[in-house]
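First up is the structure itself, then whatever we jot down about it.
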Amino acid sequence: MDDVMRGRVWRFGDDISTDLLSPGAYAVDPVDIRRLHVLESVDPTFAGSVEAGDLLVAGRNFGCGSSRETAPENLAALGIACVVAASFARIFLRNAVAIGLPVLVCPDAHGIVETGQQGQVDLAAGTFENLTTGASAVGEPLPDEMRRILAAGGILAGVTVDDASPRSV
Amino acid sequence: MGMTVAEKILARAAGREEVRAGEFVVGEIDLAMTHDIFAAKVFDTLLAHGIEELFDPTKVAVVIDHFVPAPTAAIADLQRRTREHVKRFDVGIFYDAGEGISHQLLPERGHVKPGMLIIGTDSHTTTYGALGAAATGVGTSDMVAAMATGRLWFRVPETIRFDLDGALDRWTSWKDVVLSVARMIGTDGAQYRSLEFGGPGAVEAPISGRLTVANMAVELGAKFGIFPADETTFAYLGEPPTEVPGPDPDAEYLDIRTLDLASLGPQVALPSDVDLVVAASEAGGVAIDQAFLGSCTNGRLDDLEAAASVVAGRSVAPGVRFLVAPASRRVMEDALAAGYIATLVEAGATILAPGCGPCFGGHGGLLGPGERGISSSNRNFPGRMGSADAEIFLASPATVAASAVAGRVVDPREVADG
């Protein structure tokens, strides 16, 4: 995973919930069906138009609600390269890291970009840049502990059959 | 410097004398729960990684609670596979469809103990904080890692302390308390934090009320919502009190807030966020199509009692569906014995199976486009209970029942005192 990613931006507002990212009615459907309904009630064109490498930029409390890992999984399945938000709900943040979907906390990013513009994320520096306008915003790189899991491709990259034996405390 | 309850539990779980907010630790998991939506995926993934044994089957719980009874053939098949996995992995704690909601069953059947570190593949796992545990929701990948290794990483959260004072009046419930907290701090007011409840009002709180408040801690963004264990906790568990983690007097808090319970009154969260909270009397009296009483937030015996006391001798308004899902079979049995179910049915309620019901938008009583519902559950986001074009109001059991009778969102005192 490169620390620097460039792509077309999709911009959304505050409090984008897991019910919008992964509606309960499709909770147990396969990802090929689930991903078609991502954010459909906010932007019906999104799921059909998003392309691999696009960036999603949002406001505060992104991913609030359920623990459903299908929320970041659906975004990854649509090809979203990175989610940049003013803040994340904690389970979404955990799940994104756990499945290896890059995320960046950057409070000002959604204020300097519109849907359709080109953006650049630098995970190591914690920055977001609007390549269309030249505006930039400084956020916070994830803590090293979380970046290591991301860099490995997710938390299960390190889980092997050797872990299954009972561990003495 | 002393520690908060969250710091003490994480320190113990990490085998450390002391931890501080902001640190990353690896904690030993005391209880790991997954339910029918995610269980098969968790076990499938374990097998895909070559892992055929759980770290400790006695510390793993599986509950079939979300799709009860199975609404489609595909979901029936998913639940069949879940039962197979439960056998294959020798899961120690299993509740099949119809027993109730995980967050009701694990406390009710004695699996949750003060001081435990608990994870679940459900955001409302915070509920177990009502018994003094540090409990939080995780996704399926984290759960797979935890079930394989018995361990999981945690960032030690800062703690916001809420000191509760005063007593609730007749028509104000613990749901109104947590909605009031939402109004005070907003849906991300406790993001990444632990909420710790104390003060005379918390000591007086019954376990049912603590479960309601801890359940909705996640709606404020919190990782944990903890009522430190006390005499009430051990009385509920039916066990002699033991020494469990309470906060040190010099624990360091990010913030300390106070809330006077006597001043609250019935509250309603307006569509479509949990912190859009107003007094029930100021909710506009809007007409409703459905009223739902149930969920892991408010499907317990005293919730059904409160609703029954409101609707006794009255009828649900024409055109309104009043759905009631007891949180567990035991709650249903107790409510039958007490006559609450008869009262609710006579008033026009439809009784659903013990389980999550329509709360999460999966099945069994959803809202259509343009419809409005009032619910005793925990979320009113667009699309939460069906159509994204439906509107959801959140309220206490008494307010939900009163609104079902009135056919519009009302303060319960308007119906019950009228």
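So the sequences go chain by chain: A and B. For the first sequence, counting from 1, position 52 maps to 51 in numbering that gives the first Met the number 0; every step adds exactly one. For the second sequence, counting from 1, position 400 maps to 399 in numbering that gives the first Met the number 0; every step adds exactly one. Yeah, the Cβ is synthetic: ideal placement off N, Cα and C, and Gly gets one too.
Item, Value
"C-alpha gap between Phe23 of chain B and Met145 of chain A, whole angstroms", "10 Å"
"Nearest-angstrom Cα separation, counted from Ala132 of chain B out to Val111 of chain B", "7 Å"
"Pair within 9 Å by beta-carbon distance, Ala305 of chain B and Gly165 of chain B", "no"
"Within 9 Å, strictly: CB atoms of Glu418 of chain B and Glu17 of chain B", "The shown model of chain B, from 0 to 417, leaves out residue 418 of chain B, and the question about it has no answer."
"Short CB-CB distance (under 9 Å) between Ile74 of chain B and chain A", "yes"
"Val158 of chain A - DSSP class collapsed to helix/strand/coil", "coil"
"Cβ pair Leu292 of chain B, Leu322 of chain B closer than 9 Å", "yes"
"Exposed unless 16 or more other CB atoms sit within 10 angstroms - verdict on Thr71 of chain B", "exposed"
"Expected contact under 8 Å - CB spacing of Gly385 of chain B and Leu365 of chain B to nearest Å", "3 Å"
"For Thr349 of chain B, the three-state DSSP class (helix, strand or coil)", "strand"
"Reduced DSSP category for Met215 of chain B - H, G, I as helix; E, B as strand; rest coil", "helix"
"Those residues which DSSP pairs with Gly197 of chain B across a bridge", "B:Asp162"
"Start-to-end residues for the alpha helix (DSSP H) that takes in Val414 of chain B", "Pro411 to Ala415"
"Chain B within 9 Å of Arg146 of chain A, Cβ atoms only", "no"
"Nearest neighbour of Lys40 of chain B, chosen from B:Gly1, B:Met142 and B:Cys355 [CA to CA]", "B:Met142"
"Alpha carbon of Ala124 of chain A to alpha carbon of Val104 of chain A, nearest angstrom", "11 Å"
"Simplified DSSP state of Gln190 of chain B, which is helix, strand or coil", "coil"
"Residue-level contact to chain A via CB, His65 of chain B, 9 Å cutoff", "yes"
"Neighbour-count burial assignment, Ile287 of chain B, 16 or more Cβ in a 10 Å radius", "buried"
"Whole-angstrom C-beta distance between Glu195 of chain B and Ile225 of chain B, which should lie under 8 Å", "5 Å"
"Residue burial classification, Pro29 of chain A (beta-carbon count within 10 angstroms, cutoff 16)", "exposed"
"Residue from B:Asp55, B:Leu53 and B:Ala75 whose Cα sits closest to the Cα of Ile63 of chain B", "B:Ala75"
"Stretch pair the stretch 118-127 of chain B + the stretch 206-214 of chain B: three plus CB contacts closer than 8 Å", "yes"
"Member of B:Cys358, B:Gln266 and B:Asp229 whose CA lies at the smallest distance from the CA of Gln289 of chain B", "B:Cys358"
"Anticipated Cβ contact below 8 Å, Val276 of chain B with Val267 of chain B, distance rounded", "7 Å"
"Whole runs of the alpha helix (DSSP H) within the stretch 29-78 of chain A, excluding any shorter than 4 residues", "30-33, 45-48 and 69-77"
"Straight-line Cα distance separating Glu370 of chain B from Val409 of chain B", "17 Å"
"Contacts of Lys222 of chain B in chain A (Cβ-Cβ under 7 Å)", "Arg89"
"Nearest-angstrom Cα separation, counted from Ala136 of chain A out to Ala73 of chain B", "47 Å"
"Beta carbon of Gly97 of chain B nearer than 9 Å to that of Thr33 of chain B", "no"
"CB contact check: Phe11 of chain A to chain B, cutoff 9 Å", "no"
"Bounding residues of the alpha helix (DSSP H) (the contiguous stretch that carries Trp173 of chain B)", "Trp173 to Ile184"
"Rounded straight-line distance, which links the Cα of Trp152 of chain B to that of Ile373 of chain B", "38 Å"
"7 Å Cβ shell around Glu251 of chain B - same chain, five flanking residues per side excluded", "Met0"
"Interfacial residues, the stretch 100-118 of chain A to chain B, with Cβ spacing under 8 Å", "none"
"Helix, strand or coil at Leu263 of chain B according to DSSP, with G and I counted as helix", "coil"
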